[in-house]
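Asker:
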Amino acid sequence: MHPVTHLLAGWTVSEMAQLRPRDRAIVTWACVVPDIDGIGYAIDLGNKLLGRPDLLFYETYHHNWGHGVPAALLVAMLAWYLAEQKQRTAWLAFLTFHLHLLMDLVGSRGSNPLDIWAIPYLSPLSNDMILTWDGQWPLTSWQNTVLTMVLMFVAAAMSVRRGYSPVCLFSQNADEAFVATLRQRFRGRNGSNE
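Residues 1212 to 1405 in our numbering are what the sequence shown lists, from first letter to last.
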């Protein structure tokens, strides 16, 4: 699925857990970080723009280095190290990492029904446990669009209620402006929902 969908899913989990800001960010990013192995796309694009041979980094490494339990354990350990609420945040980071894997398992197929994205769960240590689902939705499916829209709505509703949004992961000032705009639009003049 799209990284924005992963970010919103991680944010929703962290919000339901009512974490402190630092831990909320850690748990949210843990749902996005498996796609770090997609950096090969930028390398391939750079090679193409520079007229160099295509080394197929994206096809070779995406879903191989960051989409398995070894990476999940590393993320959980890093979360424990960085978090205020160490044990809780580490477990939630491990959970949202796996939420990312589940989301990719159900909704990351290519346009061809045979173009199934597999999850090599033990990679890069082993290729013995490959997770696939033959009912996988295309990346551009209506299901993924609906899921992203629902997560956007949930994030907006939580933002109006709590006074902060996923935008705070990038900029506190932008978040304050975004939440003020949402509140102005979706709350009455007296501050109540109408």
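Each residue gets a CB set at the ideal place from its N, CA and C atoms; glycine is no exception.
#1: Please state whether DSSP places P1281 in a helix, a strand or coil.
#2: Sorted by chain position, which residues of the same chain lie with C-beta nearer than 7 Å to D1386's C-beta, five sequence neighbours on each side aside?
#3: Helix, strand or coil, according to DSSP, for L1261 in the structure here?
#4: In its own chain, which residues sit with a C-beta less than 6 Å from the C-beta of R1235, not counting the 5 before and 5 after it?
#5: Please report the straight-line C-alpha distance between E1405 and F1397, rounded to a whole angstrom.
#6: Would the stretch 1342-1352 and the stretch 1320-1334 be scored as touching if the rule is three or more Cβ pairs under 8 Å?
#7: Within the continuous alpha helix (DSSP H) that includes V1371, where are the two ends?
#8: Taking only three categories from DSSP, how would you classify R1219?
#9: Once DSSP output is grouped into helix, strand and coil, what is the label at R1320?
#10: Between A1283 and W1276, how many whole angstroms is the CB-CB distance? I'm expecting something under 8 Å.
#11: By the 10 Å Cβ neighbour count, where 16 or more other Cβ atoms means buried, how is F1305 classified, buried or exposed?
#12: Compute the Euclidean distance between the alpha carbons of M1288 and T1300, then round it to the nearest angstrom.
#13: Would you mind reading off the limits of the alpha helix (DSSP H) that contains D1246?
#14: For my contact list, A1391 and L1219 are in at a C-beta cut-off of 8 Å; report their separation, rounded to the angstrom.
#15: Reducing DSSP to helix, strand and coil, say where R1398 ends up.
#16: CA-CA distance, R1372 and P1245?
#17: According to the Cβ coordinates, are M1212 and N1355 closer than 9 Å?
#18: Excluding the 5 residues preceding and the 5 following A1294 in the sequence, name in chain order all residues of the same chain whose CB lies nearer than 6 Å to its CB.
#19: If we call anything under 9 Å between Cβ atoms a contact, is T1223 one with L1362?
Answerer: In terms of the structure at hand:
#1: helix
#2: Y1375, S1376, V1378 and C1379
#3: coil
#4: S1225
#5: With a pLDDT of only 49 at E1405, under the threshold of 50, the placement of this residue in the model should not be trusted, and no figure is reported.
#6: yes
#7: W1353 to R1373
#8: Residue 1219 is actually Leu in this sequence, not Arg. Looking at L1219 - three-state DSSP - the assignment turns out to be helix.
#9: strand
#10: 12 Å between Cβ atoms; not a contact.
#11: buried
#12: 10 Å
#13: Neither: D1246 is in no alpha helix (DSSP H) and is coded neither H nor E.
#14: With 8 Å as the limit, A1391 and L1219 do not qualify as a contact, their Cβ atoms being about 20 Å apart.
#15: strand
#16: 30 Å
#17: yes
#18: D1234, I1237 and T1300
#19: yes
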